[in-house]
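S.K.: Here it is: the structure, laid out below.
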Amino acid sequence: GSDHFYLEYFQSIEDEGNMYFVYPTYIKFKEIEGALIEKVSKETGEKLWQQTFDLRNNDAQERVAFLNINKEHNLEVYSYRRLAEPSEFWIPFALTSAEIDSCIISKRVYNSTDGSMLSFIYPDTASSNLMKITHSDYGFRLFELVNDTSYAFVRRQRDKIYLDYINIYTGQVIKSFHDTVSVSKPYVSPTVIQPTLKCLFVSPDTIINVVYVKKANTTEFEDYQAKIVVYDGKLNRIKELDINPYLKVFYNATLVYADNRYMVLNIVRGDPGLVVTYREFLIFDYDGNLLHDVTLKLGDTYYAKEVFHPLPTFGEFLFAGMSNEIDALDFLILSPDGQLKRVAKLYMDESRLLWPKEIISFNDKELVLRFGIGDYEGGVVYVGCHNEIVKIQLEKALGTSTSEAVTQPIYVYPNPTSGKISFKLEDKVGTVDIRMFDLYGHEVLRLFDMLIDDKTIDISNFSSGIYLFKISKNGMKLMDGKIVKVD
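Quick note on numbering: the sequence shown equals residues 12 to 498 in the numbering used here.
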């Protein structure tokens with residue numbers, strides 16, 4: 012997906028030992044025009060099958076909002092469609108009160124075999140009780156499928172948070188709940204307060220949010236109370252945690268992780284007009300007891316993002332975050348006694364930025380991470396251009412580890428192989444350099460100035476396993492991927 016959007020597009024499901032991933036393939040002017048579903052072996056990481064989808068249509072008022080894979084492995088596309096002409100150019104999900112009149116959500120289902128559209132559900136606009144987003148609604152943060160017939164939509168309107176349950180087929184509101192909070196604060200010199208409204212679904216019946224509650228009719232900052240609030244499926248407050256004692260000058264508090272055991276609050280410290288100097292992570296148990304207060308010094312990497320993953324051992328966390336090196340990610344374990352230990356570092360191409368999105372799994376041998384990639388172009392950083400899944404093989408000793416791009420295209424055949432492999436590029440590039448590595452980062456093959464077109468290499472003497480290859484020309488990377496060697 013794109014970080015310009017507030018909604019998350021990447022989805023995945025597991026079925027009979029395989030993983031199915033769906034994500035956008037083409038974003039133009041913040042609009043999704045294509046999607047891709049890939050089937051990947053969970054055991055080997057080999058891409059078994061893929062299908063592309065053209066999501067462009069002639070309706071200029073429709074914008075893709077959410078992608079999903081159903082149990083038949085078909086693609087579901089949920090879209091917002093305007094019911095009135097825009098008063099100005101409309102950028103979805105980056106809304107001001109002047110940019111949108113009203114819209115409803117439609118649903119398309121595409122066949123995963125040939126990419127054809129199977130069904131199109133568009134609610135009757137003349138029907139009453141439709142879910143209509145008006146110009147006074149803003150701050151969209153959450154769209155969650157509840158079951159096969161309904162979805163939940165979290166929005167805010169002025170000082171209220173709304174939770175609407177919508178029928179997928181009719182567009183009608185099944186039920187709606189709201190909670191009154193303060194989502195804006197006055198400017199109090201010299202402190203700039205940046206409130207957040209990022210909800211997290213723990214389950215269809217549990218929603219967690221950071222809210223700012225106004226104590227009385229006042230504009231004074233001291234009369235606002237910052238809380239982590241746990242809601243039930245009717246938006247009733249079932250738990251409140253006062254976080255004001257933990258907040259200091261110049262902060263932006265965001266709930267970055269929540270489940271039925273832990274809540275992780277990210278507080279940004281520093282001067283908002285200049286550089287964020289460090290980030291503080293407060294880890295609470297579900298009852299609101301503070302377990303850890305972790306500070307990460309960031310230096311100039313003010314754009315750093317982190318993702319958390321609780322480990323099976325109680326009180327331990329794994330998290331990934333950008334290090335002081337722009338082209339590197341650090342993976343650290345936080346122990347119950349509050350100690351940080353680095354377990355791996357992932358280096359990428361210097362021309363790309365890594366944005367951690369989700370830690371999928373972790374054990375003592377490997378971890379699997381999803382991250383977004385941005386590119387440097389002409390001094391401008393484009394963020395969230397696409398996603399990749401990497402499997403990182405951990406070494407026994409702390410230090411650098413090598414990554415395997417699980418979903419990256421492979422242009423070698425046969426693959427898997429028991430003996431010889433052939434490389435082929437689509438374009439004629441002349442001579443290239445080829446290097447191969449095992450999953451511990453050891454170089455097992457190096458060939459320079461080779462003609463690549465249909466070049467055959469014998470690896471029959473290699474041990475069975477997964478090997479990474481890199482093909483470059485004049486120091487510039489052309490392609491990388493993996494090879495599965497079998498006996």
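Don't be surprised by glycine CBs; every beta carbon is placed ideally from N, CA and C. Please read all numbers here as calculations on a predicted model, not as lab measurements.
Taking the alpha-carbon positions, what's the residue 349 to residue 305 distance?
M.R.: Here residue 349 is taken as the residue at index 338 of the sequence shown, counted from 1. Here residue 305 is taken as the residue at index 294 of the sequence shown, counted from 1. Each residue's alpha carbon lies about 7 Å from the other.
S.K.: When the Cα atoms are used, what is the spatial distance from residue 203 to residue 130?
M.R.: Along the sequence shown, read from residue 1 onward, the residue named residue 203 stands at position 192. Along the sequence shown, read from residue 1 onward, the residue named residue 130 stands at position 119. Any answer about residue 203 is weak, because its pLDDT of 30 lies below 50 and its placement is not dependable; what the coordinates show is given next. If you draw a straight line from the Cα of residue 203 to the Cα of residue 130, it comes to about 49 Å.
S.K.: Going by alpha carbons, who is nearest to residue 164 out of 257, 245, 461?
M.R.: In the sequence shown, the residue the question calls residue 164 occupies position 153. The shortest C-alpha separation from residue 164 is found at 245.
S.K.: Let me know the secondary structure DSSP gives residue 25 once reduced to three states.
M.R.: Locating residue 25 in the sequence shown gives position 14, counting from the first residue. Here residue 25 sits in strand by DSSP.
S.K.: Once DSSP output is grouped into helix, strand and coil, what is the label at residue 433?
M.R.: As a working note, residue 433 is residue 422 in the sequence shown. Correct three-state label for residue 433: strand.
S.K.: For residue 7, tell me which candidate among 431, 23, 454 has the shortest Cα-Cα distance.
M.R.: Any answer about residue 7 is impossible in this case: the structure gives the chain only from 12 up to 498.
S.K.: Whole angstroms are fine: how far does the CA of residue 55 sit from the CA of residue 472?
M.R.: In the sequence shown, counting from the first residue as 1, residue 472 sits at position 461. In the sequence shown, counting from the first residue as 1, residue 55 sits at position 44. Cα to Cα, the separation comes out at about 20 Å.
S.K.: Tell me which residues share the same chain as residue 7 and place their Cβ nearer than 6 Å to its Cβ, disregarding the 5 neighbours each side in the sequence.
M.R.: The requested residue 7 does not occur in the structure, where the chain is confined to residues 12 to 498.
S.K.: What does DSSP give as the partner residue(s) for residue 63 in the beta ladder?
M.R.: Here residue 63 refers to the residue found at position 52 when the sequence shown is read from its first residue. Answer is 47, bridged to residue 63.
S.K.: Which residue comes first and which comes last in the beta strand (DSSP E) that contains residue 187?
M.R.: Counted from its first residue, the sequence shown places residue 187 at position 176. First-last of the beta strand (DSSP E) with residue 187: 184 to 191.
S.K.: If you count every other CB in all the chains shown that lies within 10 Å of the CB of residue 425, and 16 or more means buried, which is it?
M.R.: Locating residue 425 in the sequence shown gives position 414, where the first residue counts as 1. It counts as exposed.
S.K.: Can you tell me whether residue 472 is helix, strand or coil according to DSSP?
M.R.: Working through the sequence shown from its first residue, we reach residue 472 at position 461. Residue state, collapsed to three classes: coil.
S.K.: Taking 8 Å as the threshold (C-beta atoms), are residue 292 and residue 274 in contact?
M.R.: In the sequence shown, residue 274 corresponds to position 263, counting from 1. In the sequence shown, residue 292 corresponds to position 281, counting from 1. The answer is no: Cβ separation not under 8 Å.
S.K.: Measure the alpha-carbon distance for residue 301 versus residue 330 and round it to whole angstroms.
M.R.: Here residue 301 is taken as the residue at index 290 of the sequence shown, counted from 1. Here residue 330 is taken as the residue at index 319 of the sequence shown, counted from 1. About 18 Å.
S.K.: Go ahead and pull the three-state DSSP assignment for residue 178.
M.R.: Within the sequence shown, numbered from 1, the residue matching residue 178 stands at position 167. DSSP places residue 178 in strand when its eight states are reduced to three.
S.K.: Do you know offhand how far residue 456's Cα is from residue 442's?
M.R.: For the purposes of this step, residue 456 is identified with residue 445 of the sequence shown, where counting begins at 1. For the purposes of this step, residue 442 is identified with residue 431 of the sequence shown, where counting begins at 1. If you take the alpha carbons of residue 456 and residue 442, they lie about 17 Å apart.
S.K.: Determine whether the beta carbon atoms of residue 121 and residue 64 lie at a separation below 8 Å.
M.R.: Position 110 of the sequence shown, counted from the first residue, corresponds to residue 121. Position 53 of the sequence shown, counted from the first residue, corresponds to residue 64. Yes. Within cutoff.
S.K.: Quick check: residue 297 and residue 271, are their CB atoms within less than 8 Å of each other?
M.R.: Translated into the one-based positions of the sequence shown, residue 297 becomes position 286. Translated into the one-based positions of the sequence shown, residue 271 becomes position 260. Yes, the Cβ-Cβ distance between residue 297 and residue 271 is below 8 Å.
S.K.: Candidates 445, 79, 434, 253: which alpha carbon is nearest residue 24's?
M.R.: For the purposes of this step, residue 24 is identified with residue 13 of the sequence shown, where counting begins at 1. Out of 445, 79, 434, 253, 79 has the C-alpha closest to the C-alpha of residue 24.
S.K.: Pull up the distance between the alpha-carbon of residue 89 and that of residue 478, whole angstroms please.
M.R.: As a working mapping, residue 89 is identified with position 78 in the sequence shown. As a working mapping, residue 478 is identified with position 467 in the sequence shown. Roughly 39 Å separates the two Cα atoms.
S.K.: Suppose you measure from the CA of residue 255 to the CA of residue 481; what does that come to, to the nearest Å?
M.R.: As a first step, residue 255 is located in the sequence shown; it is residue number 244 there, counting from the start. As a first step, residue 481 is located in the sequence shown; it is residue number 470 there, counting from the start. When rounded, the distance between both Cα atoms is 51 Å.
S.K.: Just curious, the beta strand (DSSP E) that residue 53 is in, first and last residue?
M.R.: Stepping through the sequence shown from its first residue, residue 53 is reached at position 42. No beta strand (DSSP E) holds residue 53; DSSP gives it neither H nor E.
S.K.: Hey, residue 53 and residue 29: beta-carbon distance below 8 Å or not?
M.R.: Residue mapping note: residue 53 aligns to position 42 of the sequence shown, counting from 1. Residue mapping note: residue 29 aligns to position 18 of the sequence shown, counting from 1. Contact flag set, yes.
S.K.: Inspect the beta-carbon positions of residue 444 and residue 459 and report whether they are closer than 8 Å.
M.R.: Here the question's residue 444 lines up with position 433 in the sequence shown. Here the question's residue 459 lines up with position 448 in the sequence shown. Yes, the Cβ-Cβ distance between residue 444 and residue 459 is below 8 Å.
S.K.: DSSP on residue 133, reduced to helix/strand/coil?
M.R.: Residue 133 sits at position 122 when you count from the first residue of the sequence shown. Three-state DSSP puts residue 133 in coil, outside helix and strand.
S.K.: Can you list, in chain order, the residues of its chain with a C-beta nearer than 6 Å to that of residue 429? Leave out the 5 residues immediately preceding and following it.
M.R.: By one-based count along the sequence shown, residue 429 stands at place 418. The residues are 497.
S.K.: May I ask you to list the residues that DSSP assigns as paired with residue 303?
M.R.: Residue 303 sits at position 292 when you count from the first residue of the sequence shown. Partner(s): 294.
S.K.: Would you tell me roughly how many angstroms separate the C-alpha atoms of residue 123 and residue 191, rounded to the nearest one?
M.R.: What you label residue 123 is simply residue 112 of the sequence shown in a count that begins at 1. What you label residue 191 is simply residue 180 of the sequence shown in a count that begins at 1. If you take the alpha carbons of residue 123 and residue 191, they lie about 43 Å apart.
S.K.: How big is the Cα-Cα spacing for residue 43 and residue 474?
M.R.: Residue 43 sits at position 32 when you count from the first residue of the sequence shown. Residue 474 sits at position 463 when you count from the first residue of the sequence shown. Looking at the two C-alpha atoms, the distance is approximately 43 Å.
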